[in-house]
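Residue numbers (this note's numbering), protein chains in the order written: chain H, 1 to 267; chain C, 1001 to 1243. Even glycine gets a Cβ: it sits at the ideal position worked out from N, Cα and C. One structure is given below, encoded as structure tokens.
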Amino acid sequence: MKRIVTWIFLLAILLAGCSPASPAPQSASVTPAPRTLTVFAAASLTDAFTELGKKFEAQTPNVSVTFNFAGSQALRTQIEEGAPVDVFASANHKEMQALIAGAFVAQDSPQVFLNNKLVVILPADNPAKIDALTGLATPGVKIILAAEEVPVGKYSREAFEKMNAQFGSDFSQKLLANVVSNEDNVKQVVAKIQLDEADAGLVYTSDAVAAPELQTLEIPAELNVIAKYPIAPLVESKNADLAKAFIAYVLSNDGQAILEKWGFASP
Amino acid sequence: MVGLFLLPLASVFIRSVNADFFAYAFSEQAVSALKLSLVTSTITALFAILFGTPLAYILANWKFKFKAWLELLIDLPIVLPPSVAGLALLIAFGRRGLFGSYLSLLGISLPFTTTAVVMAQAFVAAPLYIRSARVGFTSIDQQLEEAANVEGANRWQMFREVALPLSGKALLSGAILTWTRALGEFGATILFAGNLEGVTQTMPMAIYLGFERNVGVALALSVALMIVSALLLLATKKLEQTE
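See the structure below:
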């Protein structure tokens, strides 16, 4: 008995040590030295770029693509602190500009590769019975946003400002009073709505496409904020040719078709 | 080994030195996060002492069926990644959780509240106290307890007059460990309690978001948290010596 418990305990310790780490470049030990392209991409690109990466690997022999998906700001800081990266795809211009200022990215190399817009997501059974944007400001409704520091969080607040003109000047104030949590990235907002822990969340259209069981509430174009995503190779990249090929693939018709499938729009 | 501990911590101190340090460290957000961290971690430590002490005493002295399993259950949160703890709490006590759905019938909603912060901290940190207290109670000389028994002491008197004073150090260091661990809790909190300034945004959360916005803010907050934690640990050392 004691023995079994000890073994289970040891197993638990082992498992705890095996929590998934961010993908590190794989060592090149397999036959004819495969190369690894490392791409840092905004969290909202997780599903689309994972598929894009597989297709790119399939058409480029001996290359594997590893991704690090996180908030654009966190990625930018990791790059500034010396993370070895070949391609950076950001959810906003601000982080890309910062990397240009730090000479990590060449001045004229970033290209806008997609547009994304905001949408309201609601749990599958819509517990707060929200059927219009004005419902977001009803007292007692629980709303989850991305934090102001994250691009989608900043865009959300810009959209609320626009809504003030249409729904009354205290609309955004009342809406923000309903916020129960400011999540650190957009995927966390989706997860908490999927778990039905809040009544509504604001995310990119692409995130809503990746979670089809959720209900959505469209935000009309005049109240919406369009996010433009830039992509660029890193100056220090040791795989400049691969980085260039990957970016070309993202901008190609095939690449854009995959992005559109995941809810993004061509620029 | 020492370098592994020293170099990163020293780097934080060195990099944080700049003109804006005090502006960052004493910003409204930082102060409210520090306050919330101190309040919640203190409640967690008191909660651990109040309920953990009897539990540890029972585990150290009583023999009963499934005791080994109970010990395993209490030790498990120590080795689990905090993200598992946060997810588990959310699944159990969330609005549609196994127990949370009954709570919401009563109008109680735990996620995204300060209570949720304390629950996350207690889940992750209280086992450290229980473990330490259990070891303290177990190491008491059996003969002393037998002597007390011969003198006619009842169970409560034995606990109060013999066990508590003799394991004081173990209890104290366990409590401080739980307190400081609660102060640093991040993973379980962000999943179960979310992040809202003044309600659930503790220091580690403010540091993580500071990292996304401005590394200077994150560094200043890190230094503040390191100083508070170091002071707590120093206070324990002093207390242990005076006993």
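Restricting to Cα atoms, I'd like to know which of the options is closest to residue i.
i, options, result
"residue 49 of chain H", "H:87, H:81, H:78", "H:87"
"residue 1025 of chain C", "C:1214, C:1059, C:1161, C:1236", "C:1214"
"residue 1185 of chain C", "C:1011, C:1031, C:1044, C:1032", "C:1044"
"residue 1239 of chain C", "C:1205, C:1171, C:1204, C:1150", "C:1171"
"residue 1173 of chain C", "C:1102, C:1013, C:1199, C:1125", "C:1125"
"residue 1141 of chain C", "C:1007, C:1166, C:1150", "C:1166"
"residue 1114 of chain C", "C:1041, C:1229, C:1225, C:1208", "C:1041"
"residue 74 of chain H", "H:95, H:176, H:64", "H:95"
"residue 1168 of chain C", "C:1241, C:1036, C:1078", "C:1241"
"residue 1197 of chain C", "C:1021, C:1032, C:1178", "C:1032"
"residue 1232 of chain C", "C:1217, C:1178, C:1189", "C:1178"
"residue 1236 of chain C", "C:1220, C:1180, C:1155, C:1191", "C:1180"
"residue 57 of chain H", "H:253, H:262, H:249", "H:249"
"residue 152 of chain H", "H:134, H:136, H:204", "H:204"
"residue 1211 of chain C", "H:252, H:47, H:66, H:80", "H:80"
"residue 1182 of chain C", "C:1077, C:1144, C:1154", "C:1077"
"residue 66 of chain H", "H:121, H:72, H:46", "H:46"
Taking 8 Å as the limit between beta carbons, can you name the residues of its chain near residue i, skipping five residues before and five after?
i, result
"residue 19 of chain H", "Because residue 19 of chain H carries a pLDDT of 43, less than 50, the predicted location of this residue cannot be relied on, and no value is offered for it."
"residue 28 of chain H", "With a pLDDT of only 45 at residue 28 of chain H, under the threshold of 50, the placement of this residue in the model should not be trusted; the figure read from the coordinates follows. 34, 35, 36."
"residue 107 of chain H", "100"
"residue 1018 of chain C", "1216"
"residue 1020 of chain C", "1216, 1220"
"residue 1047 of chain C", "1118, 1122, 1126"
"residue 242 of chain H", "35, 37, 60, 63, 86"
"residue 1229 of chain C", "1180, 1183, 1184"
"residue 1139 of chain C", "1167, 1170"
"residue 192 of chain H", "144, 181, 183, 198, 201"
What's the gap between the Cα of residue i and the Cα of residue j?
i, j, result
"residue 147 of chain H", "residue 123 of chain H", "20 Å"
"residue 212 of chain H", "residue 220 of chain H", "20 Å"
"residue 1150 of chain C", "residue 1161 of chain C", "14 Å"
"residue 1199 of chain C", "residue 236 of chain H", "43 Å"
"residue 1108 of chain C", "residue 1101 of chain C", "9 Å"
"residue 1223 of chain C", "residue 1203 of chain C", "11 Å"
"residue 93 of chain H", "residue 1070 of chain C", "53 Å"
"residue 1029 of chain C", "residue 1206 of chain C", "8 Å"
"residue 188 of chain H", "residue 1089 of chain C", "16 Å"
"residue 1163 of chain C", "residue 1052 of chain C", "14 Å"
"residue 167 of chain H", "residue 177 of chain H", "16 Å"
"residue 1146 of chain C", "residue 1063 of chain C", "17 Å"
"residue 1208 of chain C", "residue 1226 of chain C", "15 Å"
"residue 217 of chain H", "residue 89 of chain H", "27 Å"
"residue 182 of chain H", "residue 132 of chain H", "22 Å"
"residue 227 of chain H", "residue 1103 of chain C", "40 Å"
"residue 1096 of chain C", "residue 195 of chain H", "7 Å"
"residue 245 of chain H", "residue 1191 of chain C", "38 Å"
"residue 239 of chain H", "residue 262 of chain H", "28 Å"
"residue 1148 of chain C", "residue 1158 of chain C", "7 Å"
"residue 1009 of chain C", "residue 1081 of chain C", "22 Å"
"residue 1187 of chain C", "residue 134 of chain H", "34 Å"
"residue 1072 of chain C", "residue 1066 of chain C", "10 Å"
"residue 1155 of chain C", "residue 1061 of chain C", "11 Å"
"residue 97 of chain H", "residue 76 of chain H", "10 Å"
"residue 55 of chain H", "residue 1001 of chain C", "44 Å"
"residue 137 of chain H", "residue 1092 of chain C", "29 Å"
"residue 1248 of chain C", "residue 78 of chain H", "Not covered by the structure: residue 1248 of chain C. The range shown for chain C is 1001 to 1243."
Determine the contact status of residue i and residue j, defining contact as a CB-CB distance below 8 Å.
i, j, result
"residue 197 of chain H", "residue 1003 of chain C", "no"
"residue 114 of chain H", "residue 159 of chain H", "no"
"residue 42 of chain H", "residue 91 of chain H", "yes"
"residue 141 of chain H", "residue 128 of chain H", "yes"
"residue 233 of chain H", "residue 247 of chain H", "yes"
"residue 207 of chain H", "residue 190 of chain H", "yes"
"residue 185 of chain H", "residue 83 of chain H", "no"
"residue 61 of chain H", "residue 230 of chain H", "no"
"residue 105 of chain H", "residue 40 of chain H", "no"
"residue 225 of chain H", "residue 155 of chain H", "yes"
"residue 1111 of chain C", "residue 1193 of chain C", "yes"
"residue 264 of chain H", "residue 68 of chain H", "no"
Looking at the ligand FAD, does it come within less than 7 Å of residue i, judged from the CB to the closest heavy atom?
i, result
"residue 238 of chain H", "With respect to the ligand FAD, the structure shown offers nothing to examine, as it has no ligands at all."
Got a sec? Which residues, its chain only, sit under 6 Å from residue i by beta carbon, not counting five neighbours each side?
i, result
"residue 51 of chain H", "258"
"residue 1175 of chain C", "1045, 1049, 1129"
"residue 126 of chain H", "215"
"residue 179 of chain H", "143, 145"
"residue 1036 of chain C", "1202"
Leaving out five residues on either side along the sequence, give the residues of the same chain with a beta carbon under 7 Å from the beta carbon of residue i.
i, result
"residue 164 of chain H", "171, 172"
"residue 162 of chain H", "223"
"residue 255 of chain H", "52, 249"
- prompt: Is the number of C-beta pairs between the region 1080-1087 of chain C and the region 1112-1126 of chain C that are closer than 8 Å three or more?
  reply: In this structure the region 1080-1087 of chain C touches the region 1112-1126 of chain C; the number of beta carbon pairs closer than 8 Å is three or more.
task: Determine, using beta-carbon pairs with one atom in the region 1054-1069 of chain C and one in the region 1129-1141 of chain C, whether at least three such pairs fall under 8 Å.
output: Because the criterion of three Cβ pairs below 8 Å is met, the region 1054-1069 of chain C and the region 1129-1141 of chain C touch.
query: Pairing CB atoms from the region 130-144 of chain H with CB atoms from the region 200-207 of chain H, are three or more of them under 8 Å?
result: With a cut-off of 8 Å, the region 200-207 of chain H and the region 130-144 of chain H count as touching, because enough Cβ pairs lie within range.
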